[in-house]
Amino acid sequence: MWWNNFFKTFAPCGKCAAIALCIGAVCFAVSGIITLARKIKARKYARAQTERALQFTLPDRDNAYVRERLNNALCLKDEETIEGLDLSYARALLTKVASAPLTKAESLEISEIAGLFELCLKKERFTASDVRLLSDAFGRILKLSAKYSL
């Protein structure tokens, strides 16, 4: 074979060349693997971004029901008013929470919320700021009812 003669003629250099050739082949393979891994990672990232964009897109323009609900929920201005809120469930939940063994800070908060409900019962029209205030109060009542398992 020709390589046997080659290695016999250039014995010290031939071994170095063979080792260098092997090292080069290994480096080429490793760089190919690294490049392939980077491409796979970039493709996964692009797919994740596409899926995320699809997940958080707004509904179609043709879907009038959802569009109207979003506009009503997001565009409530301070000068707009709302008529007739039903506070019966919130008041019933408030009495249940008030009967639970509360800390002093929580009992003060419950008395403030009860006063707020009394004021709201006298009102017929609510502004957006009133609705936000009531929403915060409802949220706090729900948290306390969950805390005391009511």
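Anchor point for the sequence shown: position 70 equals 78 in our numbering, and the numbering is continuous, going up by one each time. Note that the Cβ used here is the ideal one computed from N, Cα and C, for glycine as well.
- Sorting Ala108, Ser96 and Arg55 by C-alpha distance to the C-alpha of Cys128 places Ser96 at the top.
- A Cβ-Cβ contact shorter than 7 Å links Ala145 with Ile121.
- Under the three-state reduction of DSSP output, Phe36 falls in the helix class.
- Relative to Leu102, the option among Ala154, Thr58, Tyr73 and Lys131 whose CA is nearest is Ala154.
- Assigned with DSSP and collapsed to three states, Phe125 falls in helix.
- In the three-state reduction of the DSSP assignment, Thr135 falls in the strand class, which pools E and B.
- The Cβ-Cβ distance between Lys104 and Leu158 falls below 7 Å.
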